[in-house]
Amino acid sequence: MVAYSMYPIFNPEVCGYVILAGIRVGIIVMAIGGTILAIMIGLERYKEWKKMKAEISEEDLRP
Numbered sequence: 146m147v148a149y150s151m152y153p154i155f156n157p158e159v160c161g162y163v164i165l166a167g168i169r170v171g172i173i174v175m176a177i178g179g180t181i182l183a184i185m186i187g188l189e190r191y192k193e194w195k196k197m198k199a200e201i202s203e204e205d206l207r208p
């Protein structure tokens, strides 16, 4: 996104909509990456929780 903000310095003939389109594409790509990262972390934590639950029996959890 920084590249699109500096683009008019090197090419002053560029229109504003090109810059906005590039920023929107950058934001969309970051949102997709963040969503994938959140899903991956959630799945990893679920697998660890499931493994931990299988290792500890319910009898050990009772006081």
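Counting in this note's numbering, the sequence shown runs from 146 upward without gaps. Idealized CB from N, CA, C, for every residue including glycine.
Problem set entry | ILE209 to LYS192 span [Cα, whole Å] | Not covered by the structure: residue 209. The range shown for the chain is 146 to 208.
For this session: Measure the alpha-carbon distance for LEU182 versus GLY161 and round it to whole angstroms.
Result: The alpha-carbon atoms of LEU182 and GLY161 are separated by roughly 32 angstroms.
For this session: Give the DSSP-derived three-state secondary structure of VAL163 in the structure shown.
Result: The answer is helix: DSSP assigns VAL163 an H, G or I state.
Problem set entry | Three-state secondary structure assigned by DSSP to ILE201 | Note: ILE201 maps to coil in three-state DSSP.
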